[in-house]
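Structure first, then comments.
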Amino acid sequence: MKRLTSITDLEKLQKDLALRRKGENLLVTLCQGTGCKAYESHKIYEAFEKELNARNLREKVSLRSTGCHGFCEQGPLAVIFTGEICYCRVKAEDIPEIVEKTLIKGETVERLLFQDPEGGKRYAREEDIPFYRHQERLLLGQNRLLDPRSIKDYIAQGGYQALGKVLAEMTPSEVVEEVKKSNLRGRGGAGFPTGIKWETTRQAPGEEKYVVVNADEGDPGAYMDRSLLEGNPHLVLEGLIIGAYAMGAKKGFIFLRQEYPLALENLRLALKEARDYGLLGENILGTSFSFEAVTKRGAGAFVTGESSALVAAIQGRVGEPGPKHINTALQGIGGKPTALNNVETWANIPRILERGASWYASLGNRENTGTKIFSLVGKVNNTGLIEVPLGTTLKTIIFDIGGGIKGGKKFKAVQTGGPSGGCLPEKYLDLPVDFDRLRELGSMMGSGGMIVMDEDSCMVDVARYFMQFLKEESCGKCISCREGINMMYDILEGIALGKGREEELELLEELAWATHKASLCGLGKTAANPVTSTLKYFRQEYLAHLKEKRCPAGVCKALISYTLDQEKCNGCGRCQKLCPVKALEGERGSPPHLNHPLCIKCGICFEACPFKAIYVQ
Amino acid sequence: MINLTIDGKNYKGEKGENLLQVGLNNGFDIPHLCYHENLSPYGGCRLCLIEVTRGERTTLTTSCTYPGEEGLQVKTSTPQVLKARRLMMEIILALAPSSSHIQSLAGKMGVERTPFNYQKEGEGCIKCGLCVRACEELVGAGVLTFSHKGPQRKVEPPFGEEPKNCIGCGTCVYVCPAGCLTMEDTPQERKIDRWKRRMEMKTCQKCHQPYMPTPQIEYILKGPPDPPPEKWLSCCPICRRKG
Ligand SMILES: Cc1cc2nc3c(=O)[nH]c(=O)nc-3n(C[C@H](O)[C@H](O)[C@H](O)COP(=O)(O)O)c2cc1C
Ligand code: FES
Numbered sequence: 252m253k254r255l256t257s258i259t260d261l262e263k264l265q266k267d268l269a270l271r272r273k274g275e276n277l278l279v280t281l282c283q284g285t286g287c288k289a290y291e292s293h294k295i296y297e298a299f300e301k302e303l304n305a306r307n308l309r310e311k312v313s314l315r316s317t318g319c320h321g322f323c324e325q326g327p328l329a330v331i332f333t334g335e336i337c338y339c340r341v342k343a344e345d346i347p348e349i350v351e352k353t354l355i356k357g358e359t360v361e362r363l364l365f366q367d368p369e370g371g372k373r374y375a376r377e378e379d380i381p382f383y384r385h386q387e388r389l390l391l392g393q394n395r396l397l398d399p400r401s402i403k404d405y406i407a408q409g410g411y412q413a414l415g416k417v418l419a420e421m422t423p424s425e426v427v428e429e430v431k432k433s434n435l436r437g438r439g440g441a442g443f444p445t446g447i448k449w450e451t452t453r454q455a456p457g458e459e460k461y462v463v464v465n466a467d468e469g470d471p472g473a474y475m476d477r478s479l480l481e482g483n484p485h486l487v488l489e490g491l492i493i494g495a496y497a498m499g500a501k502k503g504f505i506f507l508r509q510e511y512p513l514a515l516e517n518l519r520l521a522l523k524e525a526r527d528y529g530l531l532g533e534n535i536l537g538t539s540f541s542f543e544a545v546t547k548r549g550a551g552a553f554v555t556g557e558s559s560a561l562v563a564a565i566q567g568r569v570g571e572p573g574p575k576h577i578n579t580a581l582q583g584i585g586g587k588p589t590a591l592n593n594v595e596t597w598a599n600i601p602r603i604l605e606r607g608a609s610w611y612a613s614l615g616n617r618e619n620t621g622t623k624i625f626s627l628v629g630k631v632n633n634t635g636l637i638e639v640p641l642g643t644t645l646k647t648i649i650f651d652i653g654g655g656i657k658g659g660k661k662f663k664a665v666q667t668g669g670p671s672g673g674c675l676p677e678k679y680l681d682l683p684v685d686f687d688r689l690r691e692l693g694s695m696m697g698s699g700g701m702i703v704m705d706e707d708s709c710m711v712d713v714a715r716y717f718m719q720f721l722k723e724e725s726c727g728k729c730i731s732c733r734e735g736i737n738m739m740y741d742i743l744e745g746i747a748l749g750k751g752r753e754e755e756l757e758l759l760e761e762l763a764w765a766t767h768k769a770s771l772c773g774l775g776k777t778a779a780n781p782v783t784s785t786l787k788y789f790r791q792e793y794l795a796h797l798k799e800k801r802c803p804a805g806v807c808k809a810l811i812s813y814t815l816d817q818e819k820c821n822g823c824g825r826c827q828k829l830c831p832v833k834a835l836e837g838e839r840g841s842p843p844h845l846n847h848p849l850c851i852k853c854g855i856c857f858e859a860c861p862f863k864a865i866y867v868q
Numbered sequence: 083m084i085n086l087t088i089d090g091k092n093y094k095g096e097k098g099e100n101l102l103q104v105g106l107n108n109g110f111d112i113p114h115l116c117y118h119e120n121l122s123p124y125g126g127c128r129l130c131l132i133e134v135t136r137g138e139r140t141t142l143t144t145s146c147t148y149p150g151e152e153g154l155q156v157k158t159s160t161p162q163v164l165k166a167r168r169l170m171m172e173i174i175l176a177l178a179p180s181s182s183h184i185q186s187l188a189g190k191m192g193v194e195r196t197p198f199n200y201q202k203e204g205e206g207c208i209k210c211g212l213c214v215r216a217c218e219e220l221v222g223a224g225v226l227t228f229s230h231k232g233p234q235r236k237v238e239p240p241f242g243e244e245p246k247n248c249i250g251c252g253t254c255v256y257v258c259p260a261g262c263l264t265m266e267d268t269p270q271e272r273k274i275d276r277w278k279r280r281m282e283m284k285t286c287q288k289c290h291q292p293y294m295p296t297p298q299i300e301y302i303l304k305g306p307p308d309p310p311p312e313k314w315l316s317c318c319p320i321c322r323r324k325g
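Going down the list, the protein sequences come from chains A and B.
Heads up, the first sequence is in this note's numbering, so the first residue is 252 and it goes up one at a time.
Heads up, the second sequence is in this note's numbering, so the first residue is 83 and it goes up one at a time.
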């Protein structure tokens, strides 16, 4: 490939590639994202290749490995264009039938279509599936169309056109103005207005400035940044290059979490291809603008994702948060102005400049524009990565996209914002999900984690679980954070063990207040959210643990006991065989006796009994 | 020189000088444990909290890490400052219940007892890092570091092994506010148990009493700046003074 030396070069290449791709009337895209890979999606690719070769169709059908489509639970996914037929849970054995029926005859393979768990309806077109229908996939949408390892795919889809437009038509300060006008807020958690941050860095004195992509994604269960980097690295890179132009940065860092080898590989390739094409490096697209970017790898601590800690880590120091009166936008790497943004924030930039700030600001609500990616997990029917306009209600997310609660159970709470988010109860289901509303209710946007809980979750146990995670992740410098979380954990553990005293609720509240108020960085400042929100919305459940020594959800082992209903039991002996401590005594053929002192409450018998003769009390 | 207000009155300070020091210089009794005027501020104990208003924004922050600036408005005893400090002290008291220094500071703050129960053997260390900074910045030996994160955070020599570069000067023991560091001298050796460090003691040529660990003598003789004559170090300070 010859280096592109002008903006017209880029436009010509785009038209060329797009035209060529138009001729692809048969295209199969296969998700090779993290979720589908776990289900051996690479074997699907091989099976397709084999089948197409056998039928002499390899030339006619384009086969493409793509990044994550989002509907990971239904993976491996295959989408057949045109027609956009989406096949779920595809196995290698299914391929001959797909080729025969769909690619040759244009029919659908019914049994591989998505089936609604409630009602059983099947959907052929991807965009009709409820999981996708209620989404607005501004950023993730391209993932299913392009091979992340091919810059040509990205350019064919209109990639780098925003950069071309910026370089041809806009001054750096106009770019900053446009981002300001879009009202984009940082997707890394705090929701700080990106345009204002950029303006600060742009106007800061000095020649040497930096731009940084924060890809240290450390929330357990979160993978939005990963899916963007693995599935569409050029989108993030294009955003970064535009930012560098706007702020006058000559160097950029992409700080990547240790555990993301595929993202690293795809990114490195993207950097190399962008360099080869003249989109990165000296004199980008033949203009006087030059910019270089490199990857850096983290050491795997959660707190390193915090901005000042990240700046320290990039400079090779311990990734611990630093004082807050120092603004990274003015004094970041080497004390130089540094604009640090989250992966998803950067990915929004090309969209804003392609279609204009006013269009962008029309998505979402006034103070919360654009879309947000969430990782929807827990007790919903459809789990996966979703993208919706900010301000979409929890109800739409959980019931329309998520398909409601699994197994017809009752919704209890949703935890938003990662480990230090709050748990919101049913009465807030109509809440528009945005930065401000979530904060008002004692939760937060965080990086966009969303864990749905049903009636079987114990909120004391949930709070305890998150304190356990956070106490290990606190860097340990501030006493308020290190010991505050630790002591909250100890109290919660005591309550779950039935040893709690009622006065301890007040202590919990004081500790939560102190952890929030007295700690230096965002980790300590938000860590108490799971405790405060559950105390606020589920206090009765705490009181049941404390006063009645009872866990209403039947989760806290010390507070439950199993009982055997002699009437329902038919003496099949299954529970006796499975019990690891032989607490179910008696002859096979008649109902056993449960020896309570021996029972360790593992729940195996409860799960295994075919007659539901064992229940929790 | 800069002008700022503390609790409504005007004061002067050096630009960049931390607000705790400015406050202390002007007679404000701001409690602190991890700060020492000869060491770089750290901001770990969170006792020196104050409220700072800069422009429109008011934040609750540690005074020891906040550099002085023209026009700042500082409040040292608002209800939230006092509540947060009390809670910090209660936590610290639970961590180091037997330190007399901490007990007396708590007493001055009106904290008589702690409602918190610290079940783990914390060995009384509050992880304020004074020993780490003193060893690095004052002594120049730098044999102590923090290891682990979260509640497991610990001060120890690298890899938890006996620190061969420790000169046994005892500065760490001297600065420790929690009283969790002890040093023991026998006629033969000096022991700092927490660092698993044992050193031979040099005896005074005149009175024949042990007075300084050998590694410390070697360290002093190496300089810089100007090492004293070796003879000067051959006897203890008492005999030296006697001549
Ligand atoms: C404990 C902690 C962990 C964080 N982890 C991340 C992270 O993994 N990725 C990220 O983009 N931001 C993370 N942040 C937020 C960053 O500090 C910072 O606000 C953000 O990267 C700024 O980018 P934005 O304005 O685009 O959101 C974290 C913050 C805290 C307090
Ligand atoms: S003296 Fe300021 S935090 Fe310890």
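Ideal placement from N, C-alpha and C gives every residue a C-beta, glycine not left out.
Name the chain A residues whose beta carbon is nearer than 8 Å to that of PRO197 of chain B?
-> LEU758
Over what stretch of residues does the alpha helix (DSSP H) that includes SER186 of chain B continue unbroken?
-> First-last of the alpha helix (DSSP H) with SER186 of chain B: 182-190.
Beta-carbon proximity list for GLU194 of chain B, same chain, < 8 Å, skipping 5 on both sides = ALA188
Going along chain A, which residues have a C-beta under 8 Å from LEU142 of chain B?
-> LYS768 and ALA769
For LEU308 of chain A and LEU522 of chain A, the rounded distance between their alpha carbons = 34 Å
Compare the C-alpha of LYS575 of chain A against each of A:THR644, A:PRO781 and A:LYS776 and name the closest.
-> A:LYS776
Residue list, Cβ distance to ligand 2 heavy atoms smaller than 7 Å | B:LEU102, B:HIS114, B:LEU115, B:CYS116, B:TYR117, B:PRO123, B:TYR124, B:GLY125, B:GLY126, B:CYS127, B:ARG128, B:LEU129, B:CYS130, B:THR144, B:SER145, B:CYS146, B:THR147 and B:CYS210
Residues near GLU351 of chain A in its chain [Cβ-Cβ closer than 7 Å; skip 5 each side] = none
Contact check, GLU172 of chain B vs THR196 of chain B under 8 Å by CB: the rounded distance?
-> 4 Å
Please confirm whether ILE956 of chain A and GLY415 of chain A have their CB atoms less than 8 Å apart.
-> Chain A is shown only over 252 to 868; residue 956 of chain A falls outside these bounds and no answer can be derived.
If you draw a straight line from the C-alpha of LEU396 of chain A to the C-alpha of THR280 of chain A, how long is it?
-> 7 Å
Less than 8 Å between the CB atoms is what I'm expecting for PHE382 of chain A and ILE652 of chain A, so what's the real figure, rounded?
-> 6 Å
Beta strand (DSSP E) segment containing GLN666 of chain A, residue limits | For GLN666 of chain A, the uninterrupted beta strand (DSSP E) segment begins and ends at 662-667.
Since I believe ILE295 of chain A is in contact with ILE201 of chain A (beta carbons under 8 Å), could you give me their beta-carbon distance rounded to a whole number of angstroms?
-> Since the first and last residues shown for chain A are 252 and 868, residue 201 of chain A lies out of range.
Over what stretch of residues does the alpha helix (DSSP H) that includes THR296 of chain B continue unbroken?
-> 296-304
Bridge partner(s) assigned by DSSP for ASN593 of chain A | A:ASN465
Of all the options A:GLU799, A:LEU759, A:ALA407 and A:LYS800, which has the alpha carbon lying nearest to the alpha carbon of ASN780 of chain A?
-> A:LEU759
Give a single yes or no on whether ASP467 of chain A has its beta carbon closer than 7 Å to a heavy atom of ligand 4.
-> The model on display carries ligand 1 and ligand 2 but not ligand 4.
Buried/exposed call for ALA329 of chain A, threshold 16 Cβ in 10 Å | buried
Return the CA-CA distance between GLU238 of chain B and SER229 of chain B, expressed in angstroms with no decimal places.
-> Put simply, the backbone Cα of GLU238 of chain B is about 7 Å away from that of SER229 of chain B.
Limits of the alpha helix (DSSP H) - the one that ARG825 of chain A falls within | 825-829
For LEU486 of chain A, is the beta carbon positioned less than 7 Å from some heavy atom of ligand 1?
-> no
Exposed unless 16 or more other CB atoms sit within 10 angstroms - verdict on SER725 of chain A = buried
8 Å CB neighbourhood of VAL163 of chain B in its chain, flanking five on each side removed = LEU131, ILE132, GLU133, LEU142 and LYS157
Please classify ALA834 of chain A: does DSSP put it in a helix, a strand, or coil?
-> Assignment of ALA834 of chain A by DSSP, reduced to helix, strand and coil, places it in the coil class.
Near-chain B residues of the stretch 555-577 of chain A (beta-carbon distance less than 8 Å), N- to C-terminal order = Listed by position along the chain: PRO574, LYS575 and HIS576.
Return the Cβ separation of SER122 of chain B and GLU219 of chain B in integer angstroms, given the expectation that the two are a contact with Cβ distance under 8 Å.
-> The Cβ separation is near 6 Å, so the contact holds.
Would you list, in chain order, the members of the stretch 95-126 of chain B that have their beta-carbon closer than 7 Å to a beta-carbon of chain A?
-> GLY125 and GLY126
Within 10 angstroms of its Cβ, does PRO848 of chain A collect 16 or more other Cβ (buried), or is it exposed?
-> Flag for PRO848 of chain A reads exposed.
Let me know the secondary structure DSSP gives CYS321 of chain B once reduced to three states.
-> helix
What residues in the stretch 219-239 of chain B have a beta carbon less than 8 Å from any beta carbon of chain A?
-> PHE228, HIS230, LYS231, GLY232, PRO233, GLN234 and ARG235
Any C-beta of chain B under 8 Å from that of ALA552 of chain A | yes
Ligand 1 heavy atoms versus the CB of SER558 of chain A: any closer than 7 Å?
-> yes
State the DSSP-derived secondary structure class of HIS844 of chain A, mapped to helix, strand or coil.
-> strand
Residue(s) in a DSSP beta bridge with ASP275 of chain B | Paired residues: none, contrary to the question.
Identify which residue in A:PHE717, A:ILE492, A:GLU571 and A:CYS860 has its Cα closest to the Cα of ALA544 of chain A.
-> A:ILE492
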